[in-house]
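Below: one structure, written as structure tokens.
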Amino acid sequence: MEHIKPIFNQDGVLDKYEMSYYNGKIPRVEETPYEFDLPEYREVYYKAMLSSNPSSGDCIVMLIHQPYSQLSFARVGEDHWNWIPIGLFYTDCIYHKGWFYTVSVLGAVDAFNLNGPSVVHKRILKDMLTLGYEQMYIVQSPWGDILIVNRMTIIPRNGNPEIEETELYTSDIVVYKADIGEQKLVKLTGIGDYALFIGHNTSSCLPVKDCHMLMPNHVYITDDEYLWLLEFRHKRRDVGIYSLENNSLSNVVSPEPWKSWLPPIWMMPNLMKTGFQDQNNGGD
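According to the numbering used here, the sequence shown is numbered sequentially starting from 298.
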């Protein structure tokens with residue numbers, strides 16, 4: 298990776314990694330490099346998005362990584378990451394019809410086409426929000442709109458700033474439609490008969506008619522607040538189901554077995570590949 302240098306011991310065995318702190322701004326300003334022990338290296342990666350099934354041979358992976366939540370990509374067969382020195386503080390990414398779409402902590406949306414010999418970049422939505430203790434997600438809706446999801450978190454102190462930081466909670470979730478033509482975010486009152494899934498997984502919007510156990514107009518969340526997860530590994534994880542109608546958060550199940558684990562992610566298993574096919578319909 299652009300910002301990572303492997304460090305070997307006297308026997309030639311990989312011992313540590315060194316990360317350099319800079320971004321694409323010119324002139325370059327670098328902070329003091331930081332050395333990672335091997336188990337810590339996972340902290341460099343934040344989220345990855347695939348363009349297709351890797352077995353197809355033409356898959357591209359877009360990676361959000363440290364420092365400063367920047368972007369790099371790699372194609373199947375390459376032995377290195379290609380740094381994109383454009384922007385920073387990205388929080389989410391999706392792939393749609395040949396383009397990667399990213400959102401920053403301020404709500405800016407960028408589009409990247411990586412299919413040619415050079416990167417094609419378009420800023421399709423400018424910064425929309427002020428910086429806060431928030432997390433931004435980008436979702437391709439089934440009806441064609443690009444949705445921006447703003448998740449706000451709090452650390453309850455009961456009005457006393459001297460209370461020790463103990464638990465992180467999602468306090469509010471707001472869903473917007475990205476109006477590219479008007480260059481604005483349009484706040485939605487709800488998402489109807491759909492459910493959102495956000496976290497370290499691919500941000501998704503699913504119709505509940507196809508998944509009868511899901512609740513419409515709800516957001517299923519897992520904990521992905523980067524610094525909180527690293528600094529408070531044994532604290533409660535912020536996992537739950539958020540109602541967009543009454544702005545309330547409920548447990549996925551009770552009790553919560555993951556209360557102090559590394560957070561789970563939402564996933565949609567491929568029953569065809571795991572072998573658990575429906576004998577009546579062949580797994581369709």
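Note that beta-carbon positions come from the ideal geometry of N, C-alpha and C, so glycine has one too.
- Shown here, P336 sits in a helix according to DSSP, grouped into three states.
- Here K344 is buried: its Cβ has 16 or more other Cβ atoms, across all protein chains shown, within 10 Å.
- In this structure the segment 417–426 does not touch the segment 368–378; the number of beta carbon pairs closer than 8 Å is below three.
- Per DSSP, A405 is not a residue of any beta strand (DSSP E), being assigned neither H nor E.
- Between M433 and S401, the C-beta gap is smaller than 8 Å, which places the two residues in contact.
- Comparing C-alpha distances from Q437 to each of L503, T329 and I562 shows the shortest one belongs to L503.
- Burial state of G404 is buried, judged by a 10 Å Cβ sphere holding 16 or more other Cβ atoms.
- The beta carbons of I495 and A475 sit no closer together than 8 Å.
- Between Y473 and L493, the C-beta spacing is not below 8 Å.
- Following the DSSP letters along the chain, one finds S317 inside the beta strand (DSSP E) bounded by residues L311 to Y318.
- The C-alpha of P364 lies about 25 Å from the C-alpha of I452.
- A Cβ-Cβ separation of about 26 Å leaves G441 out of contact with I383 under the 8 Å criterion.
- A Cβ-Cβ distance of about 28 Å is found for the pair N447 and V416, leaving them out of contact under the 8 Å criterion.
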